[in-house]
Amino acid sequence: MDIIFVMIAVSILIAVVFFILFIKSVKSGQYDDMYTPSVRMLFEDEFVSEVPKEQKSTSKSINQNQ
2 MDIIFVMIAV SILIAVVFFI LFIKSVKSGQ YDDMYTPSVR MLFEDEFVSE VPKEQKSTSK
62 SINQNQ
């Protein structure tokens, strides 16, 4: 029965050590994404499928004047 308590204590200790190492690696910038910002501009283009209302009204008034 004593071995169960020892194993629980050891497993909690190992979990705490891994958690501390994870926090340390996050703070040091290990998981910073350096690639995505450089290619984000390539995928953000949106196609304009509709002419804005201002341009529609001006084009109609120009066509009516001619």
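Quick note: the sequence shown, position 15, residue 16 per the working numbering, numbers continuous.
Quick reminder that beta carbons are idealized off the backbone N, C-alpha and C, glycines included.
On a predicted model such as this, the values are computed, not experimentally measured, just so you know.
Alpha carbon to alpha carbon, what distance is there between residue j and residue i?
| i | j | result |
| --- | --- | --- |
| Ile9 | Ile15 | 10 angstroms |
| Tyr32 | Phe44 | 22 angstroms |
| Ser29 | Ile5 | 36 angstroms |
| Asp21 | Val40 | According to the sequence displayed, residue 21 carries Ile and not Asp. Spanning the two alpha carbons is a distance of roughly 33 angstroms. |
| Met42 | Tyr36 | 12 angstroms |
| Val7 | Val17 | 15 angstroms |
Kindly list the residues whose CB is nearer than 7 angstroms to the CB of residue i, restricted to its own chain and excluding five residues on each side of it in sequence; keep chain order.
| i | result |
| --- | --- |
| Ser12 | none |
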